[in-house]
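Just so you know, the sequences run in chain order A and B. When you line the first sequence up against our numbering, it's residues 44 to 421, in that order. When you line the second sequence up against our numbering, it's residues 800 to 1397, in that order. Note sheet for the following structure.
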Amino acid sequence: MQWGAYVHIPFCRRKCNYCDFASYGGREEAREAYVDALGVETLVRGQEMVLKHGRPATLYLGGGTPSALSLDQMGTLMALMKSVFGEPEEFTIEVNPGTVDEAYLQKLREWGANRLSIGVQSFEDNILKTLGRIHTAAQAEETVKLAREAGFENLSLDLMYGLPGQTMAIMQESVAKALSLQPEHISIYGLQVEEGTPFFKLQQEGKLNLPQDELTDEMYDYITEYLPEQGYRRYEISNFARPGKESRHNLSYWQDVPYLGLGSAAHSYLDGMRLENVADLDEYINTIKSGSLPLRSEEDPSQQHHMEEFAFLALRTAKGIDKKKFKDTFGKDLRSVYGKKINRLVRQGLLQENKKSVSLTKAGAKVGNQVFAEFLLS
Amino acid sequence: MESKHIRNFSIIAHIDHGKSTIADRLIEYTGTLSQREMEAQVLDNMDLERERGITIKAQTVRLDYRGKDGEMYQLNLIDTPGHVDFTYEVSRSLAACEGALLVVDAAQGVEAQTLANVYMALEHDLEIIPVINKIDLPSAEPDRVKQEIEDTIGLDTENAILASAKAGIGIEEILDAVVEHIPAPEGEEAAPLQALIFDSYFDSYKGAIAHIRVKQGYIKRGMKLKMMATGKVFEVTDVGCFKPQPVELGELHAGEVGFVAGSLKDVRDVRVGDTITTAERGAKEPLPGYRGVTPMVYCGLYPVESSDYDNLKDALEKLQLNDAALVFEPETSVALGFGFRCGFLGLLHMDVIQERLEREYKLKLIITAPSVIYHVYKTNGEMVKVSNPAELPPQTEIEHMEEPYVKATVIVPNDFVGAVMEISQDKRGEFKTMDYLDTNRVLITYHIPLNEIIYDYFDRLKSATRGYASLDYELADYQTSKLVKVDILLNGDAVDALSTIVHKDRAASRGRQLASKLKEIIPQQMFEIPIQAAIGSKVIARENVRARRKDVLAKCYGGDISRKRKLLEKQKEGKKRMKAVGSVEVPQEAFMAILKID
Chain A
44 MQWGAYVHIP FCRRKCNYCD FASYGGREEA REAYVDALGV ETLVRGQEMV
94 LKHGRPATLY LGGGTPSALS LDQMGTLMAL MKSVFGEPEE FTIEVNPGTV
144 DEAYLQKLRE WGANRLSIGV QSFEDNILKT LGRIHTAAQA EETVKLAREA
194 GFENLSLDLM YGLPGQTMAI MQESVAKALS LQPEHISIYG LQVEEGTPFF
244 KLQQEGKLNL PQDELTDEMY DYITEYLPEQ GYRRYEISNF ARPGKESRHN
294 LSYWQDVPYL GLGSAAHSYL DGMRLENVAD LDEYINTIKS GSLPLRSEED
344 PSQQHHMEEF AFLALRTAKG IDKKKFKDTF GKDLRSVYGK KINRLVRQGL
394 LQENKKSVSL TKAGAKVGNQ VFAEFLLS
Chain B
800 MESKHIRNFS IIAHIDHGKS TIADRLIEYT GTLSQREMEA QVLDNMDLER
850 ERGITIKAQT VRLDYRGKDG EMYQLNLIDT PGHVDFTYEV SRSLAACEGA
900 LLVVDAAQGV EAQTLANVYM ALEHDLEIIP VINKIDLPSA EPDRVKQEIE
950 DTIGLDTENA ILASAKAGIG IEEILDAVVE HIPAPEGEEA APLQALIFDS
1000 YFDSYKGAIA HIRVKQGYIK RGMKLKMMAT GKVFEVTDVG CFKPQPVELG
1050 ELHAGEVGFV AGSLKDVRDV RVGDTITTAE RGAKEPLPGY RGVTPMVYCG
1100 LYPVESSDYD NLKDALEKLQ LNDAALVFEP ETSVALGFGF RCGFLGLLHM
1150 DVIQERLERE YKLKLIITAP SVIYHVYKTN GEMVKVSNPA ELPPQTEIEH
1200 MEEPYVKATV IVPNDFVGAV MEISQDKRGE FKTMDYLDTN RVLITYHIPL
1250 NEIIYDYFDR LKSATRGYAS LDYELADYQT SKLVKVDILL NGDAVDALST
1300 IVHKDRAASR GRQLASKLKE IIPQQMFEIP IQAAIGSKVI ARENVRARRK
1350 DVLAKCYGGD ISRKRKLLEK QKEGKKRMKA VGSVEVPQEA FMAILKID
């Protein structure tokens, strides 16, 4: 059985102003203990998975900022993962340009990582400052160069649009700069202001200088048109890749492929169940120390839930919902469950359908959430 | 009990001045309920009443009390509704008493509604005992409040009782004052029966039950009685008093307060203000003051899911069992489908009914903006009453229209007189009088269209006066007004449920405000939605809800799917609360948008 493993590192040098994910700026004193605890969880749950289903096809080390770990800590973790998971075909590590140097990158490659996801976000220094990023545009560029020198042949750059102070021209320059570095893969996300972040507070106070909706829409249009013209196929709503360079791990989230999530706040999808580790760092460490797993099941694993998620997750991909796979999984025709809705959405020009699959049209991709919500049955 | 040992009284107080707490203490002190049986504020037993701190239905309780003279007394406390919507009900409760406690907060002083009720009590010749409550508050100024009562009402406050219901101060003094100062009821036991109905409620076993005060004659189980206004005849199955649970006594005599039940299925047979007499050889004349139910405010109630229509009907019927003032009839709206036109005594009454439908009957409702009743004089000489703007005849058939006016009484500290005047002027009010209650507080009266009151008049008053303003109003008359109907078109189609009747001079600005408010409320959809406001065929305002151009999920961190699911569920839930009007999804609150402008 194909499956993937995700390992979460909840540390950052500082938390970005827009970030509401499970990560801690600082907490250096806890890192050693965290790596130990993570090691235990990897041994227990990782080995069990490998015994049952063989080694994972993909491994993804994300965060937070995995590269916020010291080289020693990273070395310990990498050795342990290698002993449990072997050498997956796709092994991605997220890095922040402000945290890695030549030696760090070389070591990552040496220890088995073969793909880097580099958090660039923008190539404009003022914007990087506003976002609270710890690096400059020049450092990002340097990181790409060093990664190539270290032997990474598969690089992904993260970019964002709809940022405070971002004009169309600034966004276009960032995209052009990214393309000039010839990454294999680009992820582009629109900024969302989440509750509890410094950006949220600024927005409440009317001090967040976001571009007008119209401008953000134009940026979206530009990106979704321009990147494919430059040879980056849009294989998923936010992800663009050179042919054959799609992230298998990322796709597995949308394609009903099981994954094991290790570390605080990590999510797993195993045997049709969605599971979640505790998000609090100390609770995670203490639970493991006390000899149990910090795991809880998230929700009811009814077939209806499963069907809804199968559908709305698959719709994020260019390939869409595979009708045969749907039938194999649920023993029902996709049309017998969603026929009416699909017909209507096709009429509205938001979905397209052929014999094998149902997928978003260009118009549908723009309003993806609206379409996805239609696939909730209750 | 001989009538010289009976005292019937009510409590007059402003919201929050401590009426319910005093009632509780009286019940406790007389041992009517043991401590254990006491719920806090026994008399307000509807959840909503407790939450809002108001009494909607009258409650009565009989207290047995040994007076200072060593004799046993029967004290009947009638708790009256404390809100301007229920003025008529209050007047009937007062008509059942010989006296009243006037409870005034020692820190806040007299308020507009209190004043209105005191005047009403004086009209009924009630003996009034002033009680200054909350004297234990640090901000209490009993002397100032006494002076205020003397100046504004002309009551002698020499014997005013200083109390704190919360701390249990002054309770015995209140009971003794009731015995000493409130006259015993008069009325011949031997005369033909006259019993005043001052409230009613529905019991699923016993049927409709009347709260009554026997003015003369007596009632015994098995007697055949007659409602004088409706002519309904029934046999008495139960008669008794409240302690505060109903206790059967088998009879009630002249001067006493209690309940009577019989073969009465419908609460509408038991009308507040009606007189009960015997079926044979009854009283010649009913007691004075009966008045039929007259709703002041109407609105449309529609189920969000059309399949809920029958449930809504059932729920309204059930509520009506207990609330004769609620009227409704089926209504159809092009935009909203099948629903009901409902009439209410006032805005609070409307709020309470809506909330109970949503809370107790779990109904998702669309409520159209409240409307008053317009008198429309047509060119053919006919006069029609219109409470639904959609039913207004075409402008060409209208000769002229009249709208209801009220006399509004506002009491504020004198710093805020300017603000009250500005708002009232803006609401088409005509200034009538201004009187100083004391050096600091002013009573202002305006003649003002009810139509303006039911919009945000009180809200604006309160916010402009930092909450100090208190308001009372009563229907004054109907006056000719230049009124027009403003229609709203969504995506080119007129939405009948959004039509509103406004004064001609403000039609243009109301139309613009309404269109722009709707623009805020109606979410972006897959296509552009033009919103137009029009009078007849003339468009007076136009707005656009842009088509939704983009709605994409953000990054998926570490396979956290449940976060995405939650977002989608929220989105879907939001959609459920909307009504599809033609091709446009319209949120519930859009139909109340008219109330949110200015």
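C-beta: ideal position from N, C-alpha, C; glycine also. What you are looking at is a predicted structure, and each value in this text was computed from that prediction instead of being measured.
The bridge partners DSSP lists for B/PHE1033 are B/LEU1024. Taking a 10 Å sphere around the C-beta of A/LEU420, we find fewer than 16 other C-beta atoms and assign the residue as exposed. A/TYR77 is outside the set of residues whose beta carbon lies under 8 Å from a beta carbon in chain B. Residue contact check for A/ALA416 against chain B: a CB pair falls below 8 Å. Under the three-state reduction of DSSP, B/ARG1090 is assigned to coil, being neither helix nor strand. Taken atom to atom, the span from the alpha-carbon of A/MET350 to that of B/SER1361 is near 14 Å. Per DSSP, the beta bridge partners of B/ASN875 are B/ASN807 and B/ARG861. About 5 Å separates the CB atoms of B/ILE810 and B/LYS818; that is less than 8 Å, so the two are in contact. Taken in chain order, the members of the segment 344-370 of chain A whose beta-carbon sits within less than 9 Å of a beta-carbon on chain B are HIS348, GLU351, GLU352, PHE355, LEU356 and ARG359.
Counting along the chain, the unbroken beta strand (DSSP E) around B/MET1377 starts and ends at 1377-1380. Partner residues in the beta bridge of B/MET1182, as assigned by DSSP, are B/TYR1176. In summary, the residues of the segment 265-285 of chain A whose CB is separated from some CB of chain B by less than 8 Å are ILE280 and SER281, in the order they occur in the chain.
Following the DSSP letters along the chain, one finds B/GLU1130 inside the beta strand (DSSP E) bounded by residues 1126-1132. Close CB contacts of A/GLN246 within its chain, under the 6 Å cut and outside five residues either way in sequence, are with VAL236 (chain order). For the 8 Å CB-CB criterion, B/ILE928 and B/ILE960 form a contact. Cβ-Cβ distances below 6 Å link B/TYR828 to ILE970 in the same chain, with the five nearest sequence neighbours on each side left out; the list follows chain order. Note on the segment 1197-1244 of chain B: whole alpha helix (DSSP H) runs with a minimum of 4 residues are 1216-1225, in chain order.
At a cut-off of 8 Å between beta carbons, B/LYS1378 makes no contact with chain A. For the set B/PRO1043, B/ASN1290 and B/PHE1127, the Cα lying nearest the Cα of B/GLU1342 is the one of B/ASN1290.
Using a Cβ-Cβ cut-off of 7 Å, A/LEU394 is close to nothing in chain B; its nearest Cβ partner there is about 13 Å away. Counting only the Cα atoms, B/THR956 lies some 7 Å from B/ILE948.
DSSP links B/GLU1384 through a beta bridge to B/ALA1379. Neighbours of A/LEU313 in chain B, taken as residues at a C-beta separation under 8 Å, are lacking, since the least C-beta distance is about 11 Å.
When C-beta atoms of the segment 1270-1286 of chain B are compared with those of the segment 1316-1326 of chain B, fewer than three pairs fall below 8 Å, so the two segments do not count as touching.
B/THR1093 and B/VAL1185 have their C-alpha atoms roughly 14 Å apart.
Counting other Cβ atoms within 10 Å of its Cβ, A/THR330 reaches 16 or more and is therefore classed as buried. B/SER1280: member of the beta strand (DSSP E) spanning 1269-1280, first to last residue. Beyond the five residues adjoining it in sequence on each side, B/MET1220 comes within less than 8 Å, by CB distance, of PHE1230 and ILE1243 in the same chain, given in chain order. Classified as buried, B/PHE1257 has 16 or more neighbouring CB atoms from the shown chains inside 10 Å of its CB. For the 8 Å CB-CB criterion, B/ASP1295 and B/ALA1379 do not form a contact. Not flagged as an interface residue toward chain A: B/GLY1381, since no C-beta distance is shorter than 8 Å. The three-state secondary structure of A/ILE136, taken from DSSP, is strand. Out of B/ALA1333, B/VAL1209 and B/MET1391, the CA that lies nearest to the CA of B/ARG1311 is found in B/ALA1333. Between B/LEU1242 and chain A, the shortest Cβ-Cβ separation is not below 8 Å. The beta carbons of B/VAL860 and B/THR886 sit about 23 Å from each other, so the pair does not count as a contact at 8 Å. Fully contained in the segment 116-175 of chain A are the following alpha helix (DSSP H) runs of length 4 or more, in chain order: 145-153 and 168-174.
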